[in-house]
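Going letter by letter, the sequence shown gives residues 1 to 269 in UniProt numbering. The beta carbon of each residue, even a glycine, is placed where N, CA and C say it ideally should be. Only a predicted model underlies this, so the values are computations on that prediction, with no experimental measurement involved. Comments concern the structure below.
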Amino acid sequence: MPPKRKQTGSSQAMATRSAKKAKTSAKAAPSNVTIAATATTTPPTTTVGEPTAAEPKPTAEPATEPKAKESSPQFTGKFDLYSTLLPFLKSEYLPQGATEPQFETLYEKILFYQAKPDFSMRINIDEAKTGRFTCPVICNPMSDEELEPIYIENGQTKQVAFSETEAAHESTIGTGLGYTAKLMLGDSDGCGCGMVSGGKGTFKMRKVWEGEDEGKGELFEGYWTFKATYGPTLRRKRFGSGNSSSGVFWAVRARKNADGKEIGIDVEV
Numbered sequence: 001m002p003p004k005r006k007q008t009g010s011s012q013a014m015a016t017r018s019a020k021k022a023k024t025s026a027k028a029a030p031s032n033v034t035i036a037a038t039a040t041t042t043p044p045t046t047t048v049g050e051p052t053a054a055e056p057k058p059t060a061e062p063a064t065e066p067k068a069k070e071s072s073p074q075f076t077g078k079f080d081l082y083s084t085l086l087p088f089l090k091s092e093y094l095p096q097g098a099t100e101p102q103f104e105t106l107y108e109k110i111l112f113y114q115a116k117p118d119f120s121m122r123i124n125i126d127e128a129k130t131g132r133f134t135c136p137v138i139c140n141p142m143s144d145e146e147l148e149p150i151y152i153e154n155g156q157t158k159q160v161a162f163s164e165t166e167a168a169h170e171s172t173i174g175t176g177l178g179y180t181a182k183l184m185l186g187d188s189d190g191c192g193c194g195m196v197s198g199g200k201g202t203f204k205m206r207k208v209w210e211g212e213d214e215g216k217g218e219l220f221e222g223y224w225t226f227k228a229t230y231g232p233t234l235r236r237k238r239f240g241s242g243n244s245s246s247g248v249f250w251a252v253r254a255r256k257n258a259d260g261k262e263i264g265i266d267v268e269v
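If you want it as structure tokens, here you go:
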């Protein structure tokens with residue numbers, strides 16, 4: 001197990017609504033209800049969220065970089081993340097009859113849910129490119145409690161590749177400037193009593209849209225994976241040796257409070 005990090009205070013996320021546990025079906029989120037994160041887990045392979053038809057394979061030449069305004073993206077700060085499986089966001093992203101993603105329309109719809117506040121996951125990336133990630137589908141299968149803290153390590157800003165399974169649309173398949181890092185489960189109560197012996201994964205994100213006016217808004221897209229390794233207690237209870245999860249997401253920068261500070265999770269817990 002990685003060494004336990006020093007606690008620096010209560011998470012700012014305690015002042016906001018925590019993301020609820022993953023649901024087996026997704027629907028339009030009611031007001032004041034946190035949107036459940038959605039993910040693909042193996043074994044067994046399970047998609048948590050609205051069932052969707054298989055995505056057609058791209059027939060056009062894959063884009064080498066998402067269509068975003070030319071600028072130098074900054075991958076630091078707090079972000080709210082939203083699963084691409086949420087039907088009420090998918091319909092805004094690619095309306096019926098559309099051939100290209102409607103990034104600005106999706107961005108405005110995400111802001112509507114963010115204001116409730118609703119979100120699937122959260123992340124905080126500091127100036128050192130490290131930080132923390134929260135995701136309710138990464139949980140103890142016996143208690144259904146979220147596994148945390150999940151730390152971000154070895155973060156880098158560089159050219160990052162997104163495959164067909166890691167992109168929300170064929171037009172965003174390809175390689176471009178982005179952020180990539182490792183995920184590592186820290187010491188917590190959920191790891192005790194032989195429940196979970198460890199966990200690690202990957203995280204990557206890139207900007208796909210920016211408003212025409214400075215400061216108008218940014219939309220990000222990314223992909224995460226995580227494998228939790230179960231301890232003797234869970235194995236004895238026939239939960240298996242572990243569980244793997246993954247998912248594609250959209251992200252926007254966190255809201256700010258009256259003092260101009262970002263609302264979200266702290267790097268340390």
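- prompt: Which word fits residue 213, buried or exposed, when buried means at least 16 other C-beta atoms lie within 10 angstroms of its C-beta?
  reply: Residue 213 counts as exposed, since fewer than 16 other C-beta atoms from the protein chains shown sit within 10 angstroms of its C-beta.
- request: Would you kindly report the start and end of the unbroken alpha helix (DSSP H) that includes residue 103?
  value: Here the alpha helix (DSSP H) through residue 103 covers 103-114.
- prompt: By Cβ distance below 7 Å, which residues in the same chain neighbour residue 10 in space, the five residues on each side in sequence not counted?
  reply: The pLDDT assigned to residue 10 is 41, lower than 50, so where the model puts this residue is not dependable, and the model offers no usable value.
message: Counting C-beta neighbours from all protein chains within 10 Å, is the total for residue 257 16 or more, i.e. buried, or is it exposed?
response: Exposed, by the Cβ-count rule.
query: Does the Cβ-Cβ distance between residue 168 and residue 252 come in under 8 Å?
result: Remark: C-beta atoms of residue 168 and residue 252 do not approach each other more closely than 8 Å.
query: In terms of residue numbering, what span does the beta strand (DSSP E) encompassing residue 210 cover?
result: Counting along the chain, residue 210 sits inside the beta strand (DSSP E) bounded by residues 196-210.
query: If you run the structure through DSSP and keep just helix, strand and coil, what is residue 90?
result: It is helical.
- prompt: Excluding the five sequence neighbours on either side, which residues of its own chain have a C-beta within less than 6 Å of the C-beta of residue 73, listed in chain order?
  reply: Excluding residues within five positions, the ones whose Cβ falls inside 6 Å are 207.
query: Between the beta-carbon of residue 119 and the beta-carbon of residue 80, is there less than 8 Å?
result: The answer is yes: Cβ separation under 8 Å.
Assigned secondary structure, residue 134 (DSSP; H/G/I helix, E/B strand, else coil): In this structure, residue 134 counts as strand in the three-state DSSP scheme.
task: Give the straight-line distance between the Cα atoms of residue 289 and residue 199, rounded to the nearest whole angstrom.
output: Since the displayed the chain opens at 1 and closes at 269, residue 289 lies outside it and no answer follows.
message: Please report the distance separating the alpha-carbon of residue 270 from that of residue 221.
response: Because the chain here runs from 1 to 269, residue 270 falls outside it and cannot be looked at.
7 Å Cβ shell around residue 2 - same chain, five flanking residues per side excluded: Note that residue 2 scores a pLDDT of 46, beneath 50, so its modelled location is shaky; the value from the coordinates is reported in the next line. Excluding residues within five positions, the ones whose Cβ falls inside 7 Å are 184, 186 and 187.
- request: Report buried or exposed for residue 133, applying the criterion of at least 16 other Cβ atoms within 10 angstroms of its Cβ.
  value: Burial check for residue 133: the Cβ neighbour count within 10 Å reaches 16 or more, so the residue is buried.
task: Determine the direct distance from the alpha carbon of residue 131 to that of residue 205, and round the result to whole angstroms.
output: Approximately 14 Å between the Cα atoms of the pair.
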